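> Same order as they appear, the protein sequences are chains D and U. Each residue of the first sequence is one higher than the one before, counting from 1 in our numbering. Each residue of the second sequence is one higher than the one before, counting from 1 in our numbering. Ideal Cβ positions, reconstructed from N, Cα and C, are used throughout, including at glycine. Since this is a predicted model, take the numbers as computed values, not measurements.
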Amino acid sequence: MNAAILDKKTVLKMEGITKYFPGTLAVDNVNFMCNKGEVHGLVGENGAGKSTLMKILGGIYLPDKGKIIINNREKRFHNYAEARKFGIGIVYQELSLLPDLSVAENIFMGIWAKKGRIIDWNEIIKKSKEVLAEIDIKLDPEEIVGPLPVALKQMVEIAKVLTQNPEIIIFDEPTASLSSQEVSRLFNIIKKLKENNKAIIFISHRLKEVLNIADVITVMKDGKVVITEKKDYFTEDKLILSMVGREFSQIFPNKATSIDNKIAFSFHGFSEKYRSEVKLSVFRGEVLGIGGLRGQGQIELLQSIFGLGKETKVKVMLSDRLYTIKNPFQAIKSGITLIPEDRNTEGVFLILSVLQNIAASTVDERKNFGLIDRRREKEEVTSITNKLSIKIISLNQIANSLSGGNLQKLVLGKWLLTNPLVMVMLEPTKGVDIGTKQQIYKLIRELAEKGVAVIIHTSEMIELIGMCDRVLVMNKGFITADLKGKEITEEKIMKASISYVNILSEDKE
Amino acid sequence: MKEKQHNLRLFVPIYVIVILIYITAGIIEPQFITWRNNVNLFTRITPLILVGMAQTFVVLTGGIDLSIGAIIGLTNVIAASLPFINTPLNIILWLLIPPLVGFGVGVINGFFISKKGLPPLIVTLATGAIWLGVTLFIMPIPGGTVSLSVALTITGKLFNTIPIPLLIILFFVLTGYFILRNTELGRSLYALGGNEAIAYESGIPCSRIKILVYGISGILSSFAGMFLSGWMFSADPLIGNPYVLNSIAVTVIAGTSLSGGKGGVVGIIGGAYIFYILNNILNLLGISAFYQYIAKGLVLILALIISSPNASIILKNYFKKQSFFDKEEFVK
Numbered sequence: 001m002n003a004a005i006l007d008k009k010t011v012l013k014m015e016g017i018t019k020y021f022p023g024t025l026a027v028d029n030v031n032f033m034c035n036k037g038e039v040h041g042l043v044g045e046n047g048a049g050k051s052t053l054m055k056i057l058g059g060i061y062l063p064d065k066g067k068i069i070i071n072n073r074e075k076r077f078h079n080y081a082e083a084r085k086f087g088i089g090i091v092y093q094e095l096s097l098l099p100d101l102s103v104a105e106n107i108f109m110g111i112w113a114k115k116g117r118i119i120d121w122n123e124i125i126k127k128s129k130e131v132l133a134e135i136d137i138k139l140d141p142e143e144i145v146g147p148l149p150v151a152l153k154q155m156v157e158i159a160k161v162l163t164q165n166p167e168i169i170i171f172d173e174p175t176a177s178l179s180s181q182e183v184s185r186l187f188n189i190i191k192k193l194k195e196n197n198k199a200i201i202f203i204s205h206r207l208k209e210v211l212n213i214a215d216v217i218t219v220m221k222d223g224k225v226v227i228t229e230k231k232d233y234f235t236e237d238k239l240i241l242s243m244v245g246r247e248f249s250q251i252f253p254n255k256a257t258s259i260d261n262k263i264a265f266s267f268h269g270f271s272e273k274y275r276s277e278v279k280l281s282v283f284r285g286e287v288l289g290i291g292g293l294r295g296q297g298q299i300e301l302l303q304s305i306f307g308l309g310k311e312t313k314v315k316v317m318l319s320d321r322l323y324t325i326k327n328p329f330q331a332i333k334s335g336i337t338l339i340p341e342d343r344n345t346e347g348v349f350l351i352l353s354v355l356q357n358i359a360a361s362t363v364d365e366r367k368n369f370g371l372i373d374r375r376r377e378k379e380e381v382t383s384i385t386n387k388l389s390i391k392i393i394s395l396n397q398i399a400n401s402l403s404g405g406n407l408q409k410l411v412l413g414k415w416l417l418t419n420p421l422v423m424v425m426l427e428p429t430k431g432v433d434i435g436t437k438q439q440i441y442k443l444i445r446e447l448a449e450k451g452v453a454v455i456i457h458t459s460e461m462i463e464l465i466g467m468c469d470r471v472l473v474m475n476k477g478f479i480t481a482d483l484k485g486k487e488i489t490e491e492k493i494m495k496a497s498i499s500y501v502n503i504l505s506e507d508k509e
Numbered sequence: 001m002k003e004k005q006h007n008l009r010l011f012v013p014i015y016v017i018v019i020l021i022y023i024t025a026g027i028i029e030p031q032f033i034t035w036r037n038n039v040n041l042f043t044r045i046t047p048l049i050l051v052g053m054a055q056t057f058v059v060l061t062g063g064i065d066l067s068i069g070a071i072i073g074l075t076n077v078i079a080a081s082l083p084f085i086n087t088p089l090n091i092i093l094w095l096l097i098p099p100l101v102g103f104g105v106g107v108i109n110g111f112f113i114s115k116k117g118l119p120p121l122i123v124t125l126a127t128g129a130i131w132l133g134v135t136l137f138i139m140p141i142p143g144g145t146v147s148l149s150v151a152l153t154i155t156g157k158l159f160n161t162i163p164i165p166l167l168i169i170l171f172f173v174l175t176g177y178f179i180l181r182n183t184e185l186g187r188s189l190y191a192l193g194g195n196e197a198i199a200y201e202s203g204i205p206c207s208r209i210k211i212l213v214y215g216i217s218g219i220l221s222s223f224a225g226m227f228l229s230g231w232m233f234s235a236d237p238l239i240g241n242p243y244v245l246n247s248i249a250v251t252v253i254a255g256t257s258l259s260g261g262k263g264g265v266v267g268i269i270g271g272a273y274i275f276y277i278l279n280n281i282l283n284l285l286g287i288s289a290f291y292q293y294i295a296k297g298l299v300l301i302l303a304l305i306i307s308s309p310n311a312s313i314i315l316k317n318y319f320k321k322q323s324f325f326d327k328e329e330f331v332k
């Protein structure tokens with residue numbers, strides 16, 4: 001362990017932590033430490049072992065070897081409840097709030113203040129206000145959680161963790177579904193927690209953010225710690241280099257050199273939420289990006305192309321033919337496919353096998369006298385798993401044992417088998433490691449070159465800039481910018497993301 | 001971690017239990033393993049297997065069919081009310097009408113469940129009550145009769161050696177296995193039970209499949225009803241009642257998950273056998289009917305506990321902790 005970072009009071013030391021899973025060494029003799037009043041960034045590809053390490057710290061897994069020392073005492077815990085008692089709080093990526101209950105109820109879930117045997121609501125609401133004030137959030141504790149925006153829900157989640165008065169707070173990919181404005185708000189909270197002398201562990205795939213907020217950064221690879229250094233030592237390129245051994249500029253494939261003027265796909269839709277009409281077209285050979293702040297109607301728009309919108313009859317133009325799409329069945333038959341935002345709930349059948357997942361949309365195409373041609377099916381699915389280099393033990397393996405990147409490849413594979421003409425992708429690389437990201441980018445480019453109309457919606461600015469030939473920015477349901485080639489810059493996208501809001505407020509005056 | 005989906009391997013434990021029961025019973029009572037006793041046994045478990053398959057198909061999609069008992073009663077009564085003089089036409093009618101009724105009744109369930117989005121539990125409970133009423137209207141007390149030759153064929157032997165019920169069992173279970181494994185319908189059932197939203201977004205015609213699966217459940221239940229009428233040589237409007245619980249018990253014991261998407265029909269012969277033997281033992285011990293109901297309920301709950309994902313997680317964690325401490329002691 002680097003002596004340079006031992007200058008403040010150490011609250012957590014993990015020594016020689018090792019964890020085996022059948023067939024893999026998930027965490028290999030890892031030393032990790034945290035100081036009070038310090039943000040410790042933890043980065044690494046998916047499967048590098050950072051989640052396993054944090055699950056050990058959170059009491060979800062027991063380490064096979066090694067010690068966890070909190071405030072100079074060795075501790076052992078068997079579940080999260082026990083870990084919490086020793087001052088460990090985790091803010092998960094997937095929120096664990098109950099949507100139909102109020103903010104206060106969620107914050108104090110299970111640890112009700114009581115008068116005798118009766119719950120003391122006044123006290124709970126008072127305490128909730130205190131906790132929310134502590135992180136500078138103006139929110140009525142009696143408000144129902146469900147309709148709140150994701151960013152505010154996350155604040156409630158943080159408040160919930162804070163009620164336990166933890167010394168060590170783990171943020172597990174907290175920014176994965178936040179816009180850049182919301183991220184800066186979250187960072188203010190983290191800074192405030194830091195001032196209050198908490199030790200913070202910050203896990204993220206977004207390296208810029210880690211460089212922005214962390215004081216010390218640990219990089220993990222293949223279950224081992226590659227390096228632990230102060231932030232000043234790192235640049236984004238250096239971080240990537242230690243994570244994967246590849247330079248950043250190599251991540252994205254070259255953009256399209258020539259784009260036909262021929263329209264491959266066009267769509268005319270209507271946004272219910274913003275009462276706006278949207279037209280978009282994709283030219284042959286190009287990758288179209290849809291940007292903007294989160295929740296500006298992008299997802300509803302793209303889902304309606306696939307027949308999932310509330311507007312049940314959507315007209316699309318595909319290679320000079322007009323189709324009416326009422327449901328996903330028709331969409332798929334006309335060659336339109338959609339990679340959903342949340343692959344765990346909308347993309348992959350977690351309890352079914354790899355084969356059943358990849359073959360799910362094409363079963364009817366491999367029939368021989370009404371029966372599935374199992375040999376052909378196996379051949380076709382194997383060709384997909386090879387092409388996408390999906391890491392599996394057998395085609396009969398159940399999907400839920402696969403990593404995030406491999407699950408995303410199952411969804412991609414399912415659609416590749418349908419020979420799509422249009423691929424709409426919502427956050428195609430969310431929670432996916434850099435190596436897999438690179439593969440997905442390469443695949444997207446190959447598809448576009450073959451003439452598939454690719455539409456990507458992503459909240460990662462870097463993907464819009466690095467991957468897309470053309471970017472449409474959406475704002476309150478309208479397209480506010482159509483950027484091509486060199487026009488695609490962070491400044492221009494951001495400007496278009498917020499410009500229309502200004503126009504609207506001027507209109508009101 | 002390395003969980004695999006080998007349909008066949010999933011059913012090994014059941015048949016191990018069956019063989020153990022068989023051997024134990026054979027040692028205690030050698031009469032038990034005689035061919036004659038086994039022929040008798042095939043006849044008795046045939047309706048159980050048919051309803052077990054009906055329920056399994058529905059449960060694989062994540063649904064449940066509580067109207068199975070009423071459909072058995074209805075088709076049982078219809079089968080015993082049709083003209084029973086042996087003419088080719090009469091035999092064809094006898095073979096066709098009950099399954100058609102069963103299918104129609106099942107499709108009605110499926111319609112309300114898929115097109116109206118109502119919960120299967122309530123829909124089938126309600127339609128079950130309706131069909132029970134209709135059955136009692138047709139035949140208030142046990143009675144009716146079926147063609148003698150049909151009755152003798154159903155429980156008889158082919159070439160005087162192979163019991164017909166065994167052939168019926170093998171035909172249905174193998175067909176079911178084949179459908180689940182090799183047809184689009186089978187795939188769709190698993191997909192639907194795995195996650196309906198994803199199935200829909202994968203282009204699987206979910207509502208059509210659901211209607212069809214309740215229809216299939218109706219047909220299989222009607223075969224059970226017909227078999228019972230042939231075996232009893234008459235009808236009883238209330239004969240189906242115990243089969244609701246029995247069908248669920250056989251499904252669960254046979255290794256199908258009630259949350260859908262996992263399981264199959266291969267374990268059903270074993271499941272039905274175990275369930276029947278249990279009944280038989282209780283009878284032999286002279287335990288009265290109400291205790292038998294209590295025992296059946298308890299067995300179902302036990303089977304659910306053993307098959308629930310929670311149970312396996314608890315067991316796994318328990319063994320994990322054990323091994324962790326063991327290792328540590330070893331180090332010291």
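1) Can you tell me whether DSSP reads LYS430 of chain D as helix, strand or coil?
2) Residues of chain D with a CB under 8 Å from the CB of LYS262 of chain U: which are they?
3) Jot down the residue ranges of each uninterrupted beta strand (DSSP E) in the stretch 427-485 of chain D, minimum 3 residues, whole runs only, in chain order.
4) Based on the DSSP output, what are the partners of HIS40 of chain D in its beta bridges?
5) From SER51 of chain D to ASN37 of chain U, what does the alpha carbon distance come to, in whole angstroms?
6) Do we get a CB-CB distance below 7 Å when we pair SER403 of chain D with the residues of chain U?
7) With a cut-off of 7 Å, does the C-beta of GLY203 of chain U fall near any C-beta of chain D?
8) Cβ atoms of PRO99 of chain U and ILE239 of chain U: under 7 Å apart, would you say?
9) Jot down the residue ranges of each uninterrupted alpha helix (DSSP H) in the stretch 282-336 of chain D, minimum 4 residues, whole runs only, in chain order.
10) Please confirm whether TYR190 of chain U has its beta-carbon closer than 7 Å to some beta-carbon of chain D.
11) How long is the line joining the alpha carbons of VAL91 of chain D and VAL219 of chain D, rounded to whole angstroms?
12) Measuring CB atoms only, is the stretch 440-458 of chain D touching the stretch 269-279 of chain D, in the sense that at least three cross pairs come out at less than 8 Å?
13) Return the chain-ordered ranges of every alpha helix (DSSP H) run that is complete within the stretch 223-274 of chain D and spans a minimum of 4 residues.
14) Alpha carbon to alpha carbon, what distance is there between ASN40 of chain U and ASN160 of chain U?
15) Can you tell me which of the three DSSP states GLY364 of chain D falls into?
16) Would you check if the stretch 195-211 of chain U and the stretch 74-89 of chain U touch, i.e. whether three or more CB-CB distances between them fall below 8 Å?
17) Skipping 5 residues on each side, what residues in its chain have a beta carbon closer than 8 Å to that of LYS138 of chain D?
18) Assuming the contact rule is C-beta atoms closer than 8 Å, ILE168 of chain D and GLY87 of chain D should be a hit. Round their C-beta distance to whole Å, please.
19) Please confirm whether GLU329 of chain U has its beta-carbon closer than 7 Å to some beta-carbon of chain D.
20) Under the rule that 16 or more other beta-carbon atoms within 10 Å means buried, what is SER67 of chain U, buried or exposed?
21) Establish whether the CB of ARG187 of chain U and some CB of chain D are separated by less than 7 Å.
22) Counting only beta-carbon separations shorter than 7 Å, does ILE268 of chain U have a partner in chain D?
23) Tell me which same chain residues have a C-beta within less than 6 Å of the C-beta of ILE493 of chain D, skipping the five on either side of it?
24) I'd like to check one pair, TYR190 of chain U with VAL265 of chain U: are the Cβ atoms closer than 7 Å?
25) Between the stretch 411-418 of chain D and the stretch 330-340 of chain D, are three or more C-beta pairs nearer than 8 Å?
26) Rounding to the nearest angstrom, what Cα-Cα distance links LYS387 of chain D and LEU162 of chain D in this structure?
27) Report the three-state DSSP secondary structure of HIS6 of chain U (helix, strand or coil).
28) Could you work out which residues of chain U lie near PRO328 of chain D, taking near to mean beta carbons separated by less than 8 Å?
29) Taking all protein chains shown into account, do 16 or more other C-beta atoms lie within 10 angstroms of the C-beta of ASN246 of chain U, making it buried, or fewer, making it exposed?
30) Kindly list, in the order they appear in chain D, the residues whose Cβ is closer than 7 Å to that of GLY194 of chain U.
31) Could you tell me whether the Cβ atoms of GLU130 of chain D and SER102 of chain D are closer together than 7 Å?
32) What residue range is occupied by the uninterrupted beta strand (DSSP E) comprising ASP90 of chain D?
33) Do we get a CB-CB distance below 7 Å when we pair LYS332 of chain U with the residues of chain D?
34) Who are the near neighbours of ALA331 of chain D in its chain, counting only those whose CB is closer than 6 Å to its CB and skipping five residues on each side?
35) Kindly indicate the opening and closing residues of the beta strand (DSSP E) around TYR20 of chain D.
36) May I ask you to list the residues that DSSP assigns as paired with GLY143 of chain U?
Taking the geometry as given:
1) coil
2) Per Cβ cutoff of 8 Å: ILE351.
3) Along the length of the stretch 427-485 of chain D, whole beta strand (DSSP E) runs at least 3 residues long occupy 453-457, 470-475, 478-484, reported in chain order.
4) D:ILE201, D:VAL216
5) 59 Å
6) no
7) yes
8) no
9) Along the stretch 282-336 of chain D, the alpha helix (DSSP H) occurs as fully enclosed runs of 4 or more residues at 298-305, 328-333, listed in sequence order.
10) yes
11) If you take the alpha carbons of VAL91 of chain D and VAL219 of chain D, they lie about 20 Å apart.
12) no
13) 236-244
14) Linking ASN160 of chain U to ASN40 of chain U through their CA atoms gives a straight-line distance of about 14 Å.
15) In the sequence under discussion, the amino acid at residue 364 of chain D is Asp, which differs from the Gly named in the question. The answer is helix: DSSP assigns ASP364 of chain D an H, G or I state.
16) Between the stretch 74-89 of chain U and the stretch 195-211 of chain U, the count of C-beta pairs closer than 8 Å stays below three; the two stretches do not touch.
17) LEU132
18) 6 Å
19) Because GLU329 of chain U sits at a pLDDT of 36, beneath the cut-off of 50, its placement in the model cannot be relied upon, and the following sentence gives the value as read from the coordinates. Answer no: the Cβ-Cβ gap between GLU329 of chain U and chain D never drops below 7 Å.
20) Buried: at least 16 other Cβ atoms inside 10 Å.
21) yes
22) So no, ILE268 of chain U is outside the interface.
23) GLY291, VAL473
24) no
25) yes
26) Answer to the nearest angstrom: the Cα atoms are 46 Å apart.
27) Because HIS6 of chain U sits at a pLDDT of 44, beneath the cut-off of 50, its placement in the model cannot be relied upon, and the point is left open.
28) Correct list: TYR200, GLU201, SER202, GLY203.
29) buried
30) PHE349, ILE351, LEU352
31) no
32) The residue you asked about is not Asp; residue 90 of chain D is Ile in the sequence shown. Element bounds for ILE90 of chain D: 88-91.
33) Unreliable placement is indicated for LYS332 of chain U, whose pLDDT of 32 sits below 50; no coordinate value is reported for it.
34) PHE306, GLY307, ILE325
35) 10-21
36) U:ALA235
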